[in-house]
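Chains as they are written, first to last, in the working numbering: chain G, 528 to 814; chain Y, 801 to 947; chain R, 382 to 554; chain H, 509 to 1316. Glycine included, every Cβ here is placed at the ideal spot set by N, Cα and C. Structure, as structure tokens:
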Amino acid sequence: MTPKKFDYYSPTSINEAIQLLHDNEDSKVLAGGQSLLALMKLRLAAPSALVDISKLQEMSYVREDKDYLGIGALTIHDIIEHNQTIKKKFTLLTDAASKIGDQQIRNVGTIGGSSCHADPAADLPTALSAVNAHFVIRSGKGQRIVPATEFFVDLFQTAVGHDEVLSEIRLPYLPPRSGSGYIKHSRREGDFAIVGTGVVLTMGDGNVCKDIRIALGAVSATPLRAKSAEEYLKGKTLDDKNIADAAEIANEGADPPSDMHGSKEYRMEMIKVFTRRTVKLAMSRVM
Amino acid sequence: MHFEGTFNVKAPKETVFSVILDPNQISQCMPDLQKLDVKSPDDFIAIIKAGVSFIKGDFNLHFTTVEKTPPTHAKLTAHGTGIGSTVDMETIMDLADVEGGGTSMKWSADAKIGGRIASVGQRLLSGQAEKIIKNLFDCLQGKLEAA
Amino acid sequence: MMKSATKSDMIRVTCKINGKEYSGLAEPRTLFVHFIRDELNLTGTHIGCDTGHCGACTIFMNGKSVKSCMVLAIQAQGADITTVEGLADGDKLHPIQEAFWENHGLQCGYCTPGMLISGLFLLQRNPDPTEDEIRRGIEGNLCRCTGYVNIVKSIKAAAKKMQSEGGKSARSM
Amino acid sequence: MATVMELVKESEVQWVGQPLKRKEDPRLITGLGKFVDDVKLPGLAFASILRSPYASAKIKRVDVSRAEKAPGVICTLTGSDVSKLTDPFLQISSAPANKVKDYCLAVDKVHFVGEPVAAVVAETRAEAEDAMELIEVDYEPEEHVLDARKALEKDAPLVHEQVGSNLVFHGKWDYGDIEDAIRKADRVVNAKLHFHRFSSTPIENNGVVVNYDRATGFLNIYCNNQMPMFCIPWLSFGLKFPSNKIRMITGDIGGGFGTKIISYPYIALICLLSMKAKRPVKWTEDRREHMFANHGNERSFDVEVPVKKDGTILGFKVSAFDDCGAYTRYEPAGATIWAQVSPGVYHFPNLKVDFFQVMTNKAPVGPNRGYSRMQHLWMIERTVDIIAKELGLDPADVRLKNYVRSDEMPYVTPSGGIYDGGDYSESLRKAMKLIDYDGLREEQARARKSGKLIGIGIATAVDSGTNNFGQVKIITDDNPFSGNSEAARVSIDGLGQFQVGLGTVPQGQGHETFAAQIVADEFGINPDQITVLSGFDSAINPYSHQSGSYASRSAVMGTGALLGATKKLKEKVAMIAAHLMKTLPENISFSEGNVVDKQTGKKMPIWQIANVAWVNNVLLPEGMEPGLVALNFWRPNFTLPDEKWRLNQTLTYSYQTHIAAIELDPESGKFKILRYVIVDDCGTQINPMIVEGQVHGAAAHGIGAAMFEEFNYDENGQLNSNTFIDYLVPSAVEIPHLITGHLEIPSLFAPKGIRGVGEGGGTPLGAISNAVEDALAPFGLQITDSHQNPQHIHKLIREKISKLNQVR
């Protein structure tokens, strides 16, 4: 089907975009459009106006700042997949970006668009939660920074207000002897996750885990941090037994949906399997 | 999809019964009420805006009371259309006295979604429908406690 | 084709397609694939789904392979576009077109336009791809006739042709 | 390839058998193909269809008033309009099922989610869709039924009340003496199996453009139906419109695989809209609509197989329950088509099949690649593996012991099918060598020690082609259909140029190319010199009312019709040449575009013959009519079913052996294909390159269905997988490299020994379910479904582990 009618605005700057959003109550930001346009063509989504920021190329960059890596919100998945700094310092992001959809989608879809769409089964929101990325939100009144734990509020809902624009995503550098990984369990490689698992960990001396974050996708309204499994592993040696025990409690707090690709029970079990595998993947990348 | 719950309130059965069958009261607990058109207490139409982020739209819900044995039992059905989809819901409410005063309300709701929304994502849907119905009865409970 | 929509909704969209400037009217909601097919009468680009999965609508937009059903016509204002109709240089087929013909890389031909563009985008970035790299490169182009075996074979053959011709493919995309 | 052609003198080269580049490709690789959605006509308007959100409901009221006032709207149509304008479509089922009322829009009641309820025509497609959403329909939801066996129970809701039952067809096939075989058996192997619902989803959806020409009274119908002339009775009786004023036109078709046969309700609807709007009207189905249009047969089986200890199969006793959805359009033909291959490739004489076909409130069922045979063949191949496991034998050995032997060909099956040659054992041995079967068994044993699960699955299927429509007389004698036929025309124009017209309706199978190869060999010329009309047009192409591309028949039927036409044309050319060269017709031969007098070696170019025939006709032999056009209709000699429904239901029986090697991850239930081998035998191959492509395509459909594709309904009859978000068509990453081998044992019955190829009998469904069960052998689990969803495999494993833990 064709989308319903809407007005179209093509701002030439972020501030102009913010103003347009402010002036048009039921308008939506259009970035890569890979998720929004599909829903509009199915006539499930019908915003009255689109504010197209895809041309604001100044929002597409990967910049190494002092204590974080800054990624412009309009940076497309293809760039993230092939960026060497990300590959070295935040390998889980390379894992996640390379598995999104297909080449054409990765040529257009953006990290900001995917984050704001906030589908719990999407790859980047889960990976960014594991990194505890910080999201820079611009509004008429200036800019505020929101950590991942507060950015993803509910199903398809983020901290970005109606007349605000996500401008940058900041990844705090990981301490030495850190490693990360993201594994998507899905039917086909490019599909939405049945369970997505992102792990970022830092090793102390002697194979002891100093710090670990485990984020799970598609098992709750937002990416879910497996807090009890994290607490269990901190301070312990990351041997098979400890990892397996932690994996057993990784699904605490999860409330997965059921659908034809994965029942609730199946997803609860898969959280255990892929927590174990992703922790080991992250360990394998500790420098 | 099936949802249910029970709660107790201080108000007597008769008051509770009159609130839960009063279209004006019920409709105030519906999300984003746009319009209310009451033909009779047992037959009214509520237009609400519901959905998830940008899958949002107006739903035209036509409520009818099909069973009524005051002050203990009521059954309402609702047939709604919106966003190229249909909602058919059946709500049963049973009231009983609680020792030491007040009323216990036991409710259940069975919702069937059809058409476009049902076709796109079970995973999007079940969470949302549950939230709307839970909020409705939590709000009713709040009203009844204040009654 | 959009003639009945009130004038105020219509916007003139101008872009370069296959080296030539085209211009037409579009509503904000007009999908670029419909604009190319109906307004500009280039019907080589096809539609096969509603949700951006099948890839039959893949074109080059500013040098990148893109699904034209997931782009609004207005977003293509001033863009540099290549569709399947622009791959050949007059009567001289592009090496990838020859390779598909020689290796039975198509049967019904409905997915072929999108497959050629995705294949070409892959080869421009990776002149000598492995079988797995080819398969990932066309992961966004579904085909129901060929089982992909001869498409992969065709792209591999195209890679050799393009290298042996010193990469002077008909036109740089 | 081109080098081979240059070396060999053209007159000696045999074009049939050459992997010739296709004539169709130049237009398709340059974007100049003409598909139905590319059709543009002056004044073209666009249609959109409103569909039912309910699986079963009465239609109380349809209000189009707001829609008719919407911008750009030209007209609307509802079920009540249709019930006045048209008659219900023909039914081929027997009473009472033939009381089904099938219209192009729902009348009074909707029977499945997605059923068309109303339609709008507007200036643009977008406006038609805007207006469609303004149509208000009051439904009164009713009870629905979604399971075939439940639909047969006494108090089950009725899909069509006026029929009085949900039963469409019930038939008993009973040959030999199965009860005696059961008594004599060492063991009776039982299985309860389920074949899931999926479809071939070609990348091009259905599409129709109708230009009702009020001047000539003609309905000019542009569509992508695979059997356009077969639709004429349905359209003519349904629309109450004279058949001699219906013109069917197909251009390039974006794949059909059977799903574009029962699209005649949509064609009828757009005809009505064009007549009402007095404008040409285009309707292009979108993907979500397509997912309600044509599902594959879902079928469950109760199987009993008496066997000997050594693995000898004595017979099959089967009860089959086929769910055909809400309407019988091509059905219940599918309730008889499995019998084409009733014993599969096996040699057992005793066969009893109790077959039920039942209506449910799900989307209508229609032909799909491997139609009705793949369900039956999967049941047989799955059961053979269960037999091997229960007897502790290697599945390859059980097959080799029970295959029909090549020395028994032509082999008459219990149901009267006549297998037309082949060597099933050689096919299996060749496949085992190609995949290194023994090496894999060793690797499997090694892997199990380290907890890795490797599975190997074999399946051999008969790929029957060129159907005998007489099989529908099994349903009821008064079905006026039997045999099969095709038409071809070969002509030489006044300047000596060759042109061929065929009635087959290609959707990617390269008919223009194979037809040119056939005719080129007859006249000793190069296929490049022959123009074959592309697509189909009933005003231009020759046709029979059984013309089209379906049931793997085009190569066989097309060749039969072409050989007849070229024979007639050669005879006429020889008579003219003999007359002009003062010799006898039998001395005339053809080479390099010349006629040659074999005795004198004298030559004359064909264009000179053509000149005489067309514009210099006084020189023609006495009494000979001018022109050089040969039209030919061809039919194989088929018979009708006898009283026990014994019938050779198809002319040719290609066969394929598939072996799949997989590695299964027990923790997640997911598996990947390590190696996949196919050995095909379709007799003489006109163009080996095209045959290879058909084999790849058929295998990919089977692999996709086995691993990814499923129509999944919820308890309210809503289709969960009705977009490509949840209906998972495999990409190039999911389909493995396919290793292929070929045998070329000619058919004993078909022209040039050609057999139809391309449907593949759904063989991968058997190979993959057998491989999964083989991988799970350590857990001793049985696979009973044709679809291998990882979460279900994982559930089987978990339940078995928890049972084992309880035991400990």
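Pair within 9 Å by beta-carbon distance, residue i and residue j
{"i": "Leu412 (chain R)", "j": "Ser449 (chain R)", "result": "yes"}
{"i": "Ala816 (chain G)", "j": "Gly780 (chain G)", "result": "This structure cannot settle anything about residue 816 (chain G), because the visible part of chain G is limited to 528 through 814."}
{"i": "Ile883 (chain Y)", "j": "Ile917 (chain Y)", "result": "yes"}
{"i": "Arg755 (chain H)", "j": "Phe726 (chain H)", "result": "yes"}
{"i": "Gly560 (chain G)", "j": "Ala600 (chain G)", "result": "no"}
{"i": "Glu1267 (chain H)", "j": "Met917 (chain H)", "result": "no"}
{"i": "Cys489 (chain R)", "j": "Gly1249 (chain H)", "result": "no"}
{"i": "Lys768 (chain H)", "j": "Ile761 (chain H)", "result": "yes"}
{"i": "Tyr1221 (chain H)", "j": "Leu654 (chain H)", "result": "yes"}
{"i": "Pro476 (chain R)", "j": "Ala539 (chain R)", "result": "yes"}
{"i": "Pro922 (chain H)", "j": "Ser850 (chain H)", "result": "yes"}
{"i": "Lys658 (chain H)", "j": "Phe1219 (chain H)", "result": "no"}
{"i": "Ala675 (chain G)", "j": "Ser694 (chain G)", "result": "no"}
{"i": "Asp663 (chain H)", "j": "Leu961 (chain H)", "result": "no"}
{"i": "Leu563 (chain G)", "j": "Ala572 (chain G)", "result": "yes"}
{"i": "Leu1159 (chain H)", "j": "Ala1258 (chain H)", "result": "yes"}
Outcome for residue i when other beta-carbon atoms lying within 10 angstroms are tallied against a minimum of 16
{"i": "Pro784 (chain G)", "result": "buried"}
{"i": "Met730 (chain G)", "result": "buried"}
{"i": "Ile455 (chain R)", "result": "buried"}
{"i": "Leu1312 (chain H)", "result": "exposed"}
{"i": "Ser553 (chain R)", "result": "With a pLDDT of 46 at Ser553 (chain R), under the threshold of 50, the modelled position of this residue cannot be trusted; read the value that follows with caution. Classification for Ser553 (chain R): exposed."}
{"i": "Pro870 (chain Y)", "result": "exposed"}
{"i": "Ile1048 (chain H)", "result": "exposed"}
{"i": "Leu547 (chain G)", "result": "buried"}
{"i": "Ala603 (chain H)", "result": "exposed"}
Per DSSP, the bridge partner or partners of residue i
{"i": "His689 (chain G)", "result": "In the DSSP output, where bridge partners are listed per residue, His689 (chain G) has none listed."}
{"i": "Lys849 (chain Y)", "result": "Y:Asp858"}
{"i": "Phe1098 (chain H)", "result": "H:Val1103"}
{"i": "Arg671 (chain G)", "result": "G:Ile664"}
{"i": "Met442 (chain R)", "result": "R:Lys445, R:Ile462"}
{"i": "Asp592 (chain G)", "result": "According to DSSP, which records beta bridges pairwise, Asp592 (chain G) is partnered with nothing at all."}
Member of the options whose CA lies at the smallest distance from the CA of residue i
{"i": "Pro527 (chain H)", "options": "H:Gln599, H:Thr1021, H:Asp760, H:Tyr647", "result": "H:Thr1021"}
{"i": "Phe749 (chain H)", "options": "H:Thr758, H:Val813, H:Gly874, H:Thr594", "result": "H:Thr594"}
{"i": "Tyr611 (chain H)", "options": "H:Ala776, H:Met735, H:Thr868, H:Ala603", "result": "H:Ala776"}
{"i": "Ala578 (chain H)", "options": "H:Val628, H:Asp985, H:Ile966", "result": "H:Val628"}
{"i": "Asp431 (chain R)", "options": "G:Ala573, G:Pro574, G:Gln584, G:Lys568", "result": "G:Lys568"}
{"i": "Gly733 (chain G)", "options": "G:Ile603, G:Thr764, G:Ser587", "result": "G:Thr764"}
{"i": "Ser537 (chain G)", "options": "G:Thr529, G:Ala558, G:Val680", "result": "G:Ala558"}
{"i": "Lys680 (chain H)", "options": "H:Thr844, H:Lys1303, H:Gln1015", "result": "H:Thr844"}
{"i": "His724 (chain H)", "options": "H:Ser1062, H:Ile567, H:Asp794, H:Met783", "result": "Strictly speaking, residue 724 (chain H) in this sequence is Thr, with His absent from that position. For the residues H:Ser1062, H:Ile567, H:Asp794, H:Met783, the minimum Cα distance to Thr724 (chain H) belongs to H:Met783."}
{"i": "Val1265 (chain H)", "options": "H:Gln1193, H:Val1237, H:Leu1256, H:Tyr1235", "result": "H:Gln1193"}
{"i": "Phe678 (chain G)", "options": "G:Arg697, G:Gly667, G:Lys668, G:Gly669", "result": "G:Arg697"}
{"i": "Lys401 (chain R)", "options": "R:Gly518, R:Asp390, R:Glu466, R:Val414", "result": "R:Glu466"}
Distance between beta carbons of residue j and residue i, contact taken as under 8 Å
{"i": "Gly833 (chain H)", "j": "Val873 (chain H)", "result": "5 Å"}
{"i": "Pro508 (chain R)", "j": "Met543 (chain R)", "result": "7 Å"}
{"i": "Val615 (chain H)", "j": "Ala939 (chain H)", "result": "Actually they do not touch by this definition, with Cβ atoms about 52 Å apart."}
{"i": "Val1059 (chain H)", "j": "Arg410 (chain R)", "result": "According to the sequence as given, residue 1059 (chain H) is Ala; it is not Val. About 43 Å; that fails the 8 Å criterion."}
Heavy atom of the ligand ADP within 8 Å of residue i beta-carbon
{"i": "Val1027 (chain H)", "result": "The ligand ADP is not part of the structure shown, which contains no ligands of any sort."}
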